[in-house]
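Mind the numbering: the sequence shown is residues 11 to 403 in the numbering used here, read in order.
Working notes for the structure below.
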Amino acid sequence: MRARMWSLRHVLTLSLAAGRLSGQGTERLALRPPMGFNTWNKFQCNVSDQLVRGMADAMVASGMKEAGYQYVVIDDCWQVARDANGRIVADPERFPLGMKALADYVHDRGLKFGLYTDIGPKTCAGRPGSSGHFDLDAKSYAAWGVDYIKVDWCHADSLIAPAQYARFRQALQRSGRPIVLSICEWGLNQPWDWGPKVGHLWRVTDDIEDNWRSLVWIVNSAAAHHGAAGPGHWNDPDMLEVGNGGMTAEEYKTHFSLWAIMAAPLIAGNDLRTMSPSTSEILLNREVIAVDQDPLGVQGRIVIDRGNGSQVWMKPLQDGGRAVALVNFRSDTAGVSVRWKEIGLPAGPASVRDLWAHKDLGSHEDRGTDFGTRLEMKVPPHGVVMLRVRAAP
Ligand code: GAL
């Protein structure tokens, strides 16, 4: 029995690896965490050609494209039926010109186009899923010019997730078009174990909600799997809620900072056409985005949990520096401190830059002694101080 189990696992591993090697370069698709916009958090089923064109335009006009945002993704509810040949059909009222014309519009703006489907027979909103049609759907996506597909897990619970998603990926590969595969089975089947070989990103939890409690819950779950992430394969703590109104500006800053230090996909979920200055300041903070997109591709982790509601997070960066987030989960202001040895730097002087104040704080010397040489910052309630620290050469 043991031998049989081993061999089944072995076969699965080998076939996943083979799929990867024959991937027409798909393994090079998401060398940095994908950045973009998805319709679900703000618009749910209220999607249309006009909305998506508006988002593509706003992504360019707001400066988001220039800051690295790229994918414009339509989530659930774009699809209504299958035609006589089994091909998936977009809602003709909401997308009267069809998906190819919409993808062309997005591409013409230098952006990439994404869609959503489901492994099972129906999507979570009850639209037709891809069950029994993986190859046909992959062909439609390729013909339309789809660059990114989010694949959900509703009505699929009797199935084996790694095998289903591996089959979906193979169908994408057979389509001949490089397409990012976003696995969305909500962390139910330990996707951090097999996701890196199958897809480019995988959700680690159930859906995010636009409130602080949800954010804290997701961060705790996502932090545990930091070892699974790397260039081409990322933990996905879900799309951003920044700008949707359920949290304070301070909380949204913390949201964005933690996503960045976790090397999470940065998929905006707000209305890009009507962003407040505070929302665009957050989504367009290039210094924080640079932490997320750092080419070393290491997911940051909690290095210190003070047990009093404050944490220190650290992400090693390609230049040898460290991104550091001092996080205050409490509802009063707290002093949060860090020692260089806690973030893997030697005692001595290091330069410190504040990524939200956009200010060099100068050199701070941690002499490695017990008292008085740690760096301590005041952090507002539910807030964060995000730093870049580099040991002096
Ligand atoms: C959920 C998924 C959400 C959204 C929704 C659409 O399962 O986690 O992100 O895609 O389905 O119905």
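Note that beta-carbon positions come from the ideal geometry of N, C-alpha and C, so glycine has one too.
Buried is the label assigned to residue 282, since at least 16 other Cβ atoms lie within 10 Å of its Cβ. Proximity of the beta carbon of residue 166 to the ligand GAL is not indicated: no heavy atom of the ligand is located closer than 7 Å. By the neighbour-count definition (other C-beta atoms within 10 Å, threshold 16), residue 159 is a buried residue.
The closest CA to that of residue 153, considering only 166, 112, 193, 162, is found on 112. The Cβ atoms of residue 334 and residue 399 sit closer than 8 Å to each other.
Counting only runs of at least 4 residues, the segment 252 to 330 fully encloses the following alpha helix (DSSP H) elements, listed from N- to C-terminal order: 259 to 271, 287 to 293, 296 to 302.
For residue 338, the beta-bridge partners assigned by DSSP are 320. The residues 229, in chain order, have a CB closer than 6 Å to that of residue 268 in the same chain once the five nearest residues on each side in sequence are set aside. Under DSSP, the beta-bridge partners assigned to residue 244 are 211. Beta bridge pairing from DSSP links residue 89 with 100. Here the distance from the Cβ of residue 133 to the nearest heavy atom of the ligand GAL is below 7 Å. Closer than 7 Å to some heavy atom of the ligand GAL: that does not describe the Cβ of residue 81. Segment contact: the segment 346 to 362 against the segment 320 to 331, three or more CB-CB distances shorter than 8 Å; contact assigned. For residue 385, the beta-bridge partners assigned by DSSP are 348.
For the ligand GAL, no non-hydrogen atom lies closer than 7 Å to the CB of residue 323.
Annotation: residue 131 to residue 149 spans about 18 Å, alpha carbon to alpha carbon.
No Cβ-Cβ contact shorter than 8 Å links residue 350 with residue 315. Collapsing the DSSP output to three states places residue 137 in coil. Between residue 293 and residue 74, the gap from beta carbon to beta carbon is short of 8 Å.
Per the coordinates, the alpha-carbon of residue 324 lies some 22 Å from the alpha-carbon of residue 213. In this structure, the CA atom of residue 397 is about 5 Å from the CA atom of residue 364.
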